[in-house]
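Numbering (the numbering used here), first residue to last: 434 to 806.
Cβ coordinates follow ideal geometry from the N, Cα and C atoms, glycine included.
The structure appears below as structure tokens.
Below, the structure written as structure tokens:
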């Protein structure tokens, strides 16, 4: 039986597609779960009596809530480096813009981030116009989306001036020319409306918003609730779309692979049937040939029991028709596509895979029976 080599390229493609689809499915389920968590979170209004409400809860904890208020620092606020604005979060980035030669005379713009940092100070969220009704934010560095939608307090691109023509020419020859530096400062300013989503707890007489202990997302952001939910839904829909695409593509590839395997098995089955028929026919032909040679030998035997020259010539001709591997059986099959007739059926079945022609080492695609005239 002749086995075809495994199509590792197709199998790798199917495995990669299903791995990608699995990741997209996880993103889709996570996104849907996050939407359900936020929509199912309890809405807390900042005001009097919140401490007493927490005291009545188990362990003085509300597992998952969402609330809205404005930002205020705990102690001194953070001052902008470039203005008199005050905030509690400061994100500074410094990016060098370059022009780089990628091939021949083709140039492309690239960016090199020199600095990208975010700093936080302790802050709280209080009700609009009611500073006494406040909630302290625990571990602001762990809060998600905190650096999204910040106010830009400084944004400047400083073009780099070439010191000399020689220096500019050397930069061109090196294939990299600096165009300038872009510096930006963004801040979460004091008094900015924010959304907080997390676990609410009463600690040492203070109400704190902290990361949930059950693994749900901890969010403090200047993005509104509806916008945040819309963002999660958009990500979930995108992941669902790619999951469906990967599922369809993977199913098509798997179906094609199964079809190829089925086609190979069917071809091998017909090949085995053909070889079996050839084997039975040749066994019958060999028996008849042996009987015929025995009869011829009796007629051509000389009185002293020797053999004539014609019998020796026949033996030599028969040797030239033997299988080149076992040197016992006659040659019974034609190797396609090289066309050599050099193997018997038994050797054609037991040769190692992938099967190569013993004469020219060309790959063997299939066998066809060889009939002597």
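Do residue 558 and residue 680 have their beta-carbon atoms positioned less than 9 angstroms apart in this structure?
Taking 9 angstroms as the Cβ cut-off, residue 680 and residue 558 do not qualify as a contacting pair.
Please identify the residue among 546, 716 and 519 whose C-alpha is closest to the C-alpha of residue 622.
Measuring from the Cα of residue 622, the nearest candidate turns out to be 519.
Can you tell me the Cα-Cα spacing of residue 476 and residue 443, whole angstroms?
Computed Cα separation, rounded: 52 angstroms.
Using 8 angstroms for Cβ pairs, my map puts residue 594 next to residue 531. What's the rounded Cβ distance?
Incorrect: roughly 15 angstroms between the Cβ atoms, too far for contact.
Should residue 790 go down as buried or exposed, given a rule of 16 or more other Cβ atoms within 10 Å for buried?
Looking at its Cβ environment, which holds 16 or more other Cβ atoms inside 10 Å, residue 790 is buried.
Report buried or exposed for residue 523, applying the criterion of at least 16 other Cβ atoms within 10 angstroms of its Cβ.
So residue 523 ends up on the buried side.
What's the C-alpha gap between residue 507 and residue 449?
C-alpha separation (whole angstroms): 50 angstroms.
From the DSSP output, in three-state form, read off residue 796 for me.
Three-state result, residue 796: strand.
With residue 534 as the anchor, note down where its beta strand (DSSP E) starts and where it stops.
First-last of the beta strand (DSSP E) with residue 534: 519-536.
Reducing DSSP to helix, strand and coil, say where residue 745 ends up.
The predicted model places residue 745 with a pLDDT of 49, which falls under 50 and marks its position as unreliable; any figure quoted below should be read in that light. Looking at residue 745 - three-state DSSP - the assignment turns out to be helix.
Roughly how many whole angstroms lie between the Cα atoms of residue 482 and residue 555?
Cα to Cα, residue 482 sits roughly 24 angstroms from residue 555.
Are residue 776 and residue 764 closer than 9 angstroms when you measure CB to CB?
In contact: residue 776 and residue 764 (Cβ atoms closer than 9 angstroms).
So, is residue 740 buried or exposed, given that buried needs 16 or more other C-beta atoms within 10 angstroms?
Because residue 740 carries a pLDDT of 48, less than 50, the predicted location of this residue cannot be relied on, and the following value inherits that uncertainty. Label assigned to residue 740: exposed.
What is the DSSP secondary structure of residue 630, counted as helix, strand or coil?
Looking at residue 630 - three-state DSSP - the assignment turns out to be strand.
Taking 9 angstroms as the threshold (C-beta atoms), are residue 628 and residue 472 in contact?
Contact: no.
Kindly indicate the opening and closing residues of the alpha helix (DSSP H) around residue 779.
Segment 778-783, the alpha helix (DSSP H) holding residue 779.
If I measure Cβ to Cβ from residue 747 and keep anything under 7 angstroms in the same chain, skipping five residues before and after, which residues do I get?
Only weak support is given to the placement of residue 747: the predicted model assigns it a pLDDT of 47, under 50, and the question is left unresolved by the model.
Determine the direct distance from the alpha carbon of residue 542 to that of residue 581, and round the result to whole angstroms.
If I take the Cα positions, the gap works out to 26 angstroms.
So residue 548 is in the beta strand (DSSP E); what residue range does that whole segment cover?
Counting along the chain, the beta strand (DSSP E) containing residue 548 begins and ends at 539-553.
In this structure, how does DSSP classify residue 670 when only helix, strand and coil are distinguished?
Reduced to three states, the DSSP call for residue 670 is helix.
Would you decide whether residue 452 is buried or exposed? Buried here means 16 or more other CB atoms lie within 10 Å of its CB.
It counts as exposed.
Within its chain, find whatever has a CB closer than 6 angstroms to the CB of residue 462; leave out the 5 residues flanking it on each side and keep chain order.
Excluding residues within five positions, none has a Cβ falling inside 6 angstroms.
Quick check on residue 461: does DSSP put it in helix, strand or coil?
Note: residue 461 maps to helix in three-state DSSP.
Based on the DSSP secondary-structure assignment, which residues constitute the bridge partners of residue 563?
In the DSSP output, where bridge partners are listed per residue, residue 563 has 560.
Leaving out five residues on either side along the sequence, give the residues of the same chain with a beta carbon under 7 angstroms from the beta carbon of residue 590.
Contacts found: 613 and 615.
If we count the other Cβ atoms within 10 Å of its Cβ and call it buried at 16 or more, is residue 724 buried or exposed?
The residue is exposed, with fewer than 16 neighbouring Cβ atoms inside 10 Å.
Only counting the same chain, and skipping five residues up and downstream in sequence, which positions put a Cβ closer than 6 angstroms to that of residue 759?
780.
In chain order, what residues of the same chain lie with their CB nearer than 7 angstroms to the CB of residue 535, ignoring the 5 residues before and after it?
Contacts found: 541.
Would the beta-carbon of residue 505 fall within 9 angstroms of that of residue 624?
Yes; because the gap between Cβ atoms is below 9 angstroms, this pair is in contact.
Decide if the segment 671-690 is in contact with the segment 483-492; the criterion is three or more beta carbon pairs, one per stretch, under 8 angstroms apart.
No, the segment 671-690 is not in contact with the segment 483-492.
Going by beta carbon distance, what residues of the same chain come within less than 7 angstroms of residue 649, once the five residues before and after it are set aside?
Here the set comprises 470 and 497.
When the distance is taken between beta carbons, is residue 653 closer than 9 angstroms to residue 642?
In this structure, residue 653 lies closer than 9 angstroms to residue 642 by Cβ.
Nearest-angstrom Cα distance between residue 538 and residue 457?
Rounded to whole angstroms, residue 538 to residue 457 spans 40 angstroms at the Cα level.
Confirm, please, whether the CB-CB distance from residue 511 to residue 603 is below 9 angstroms.
Going by C-beta atoms, residue 603 is not nearer than 9 angstroms to residue 511.
Following the continuous beta strand (DSSP E) through residue 642, name the residue where it begins and the one where it ends.
Run containing residue 642: 639-643, per the beta strand (DSSP E) assignment.
May I have a chain-ordered list of the beta strand (DSSP E) segments no shorter than 3 residues that lie completely inside the segment 461-506?
List check, beta strand (DSSP E) in window: 475-477 and 494-506.
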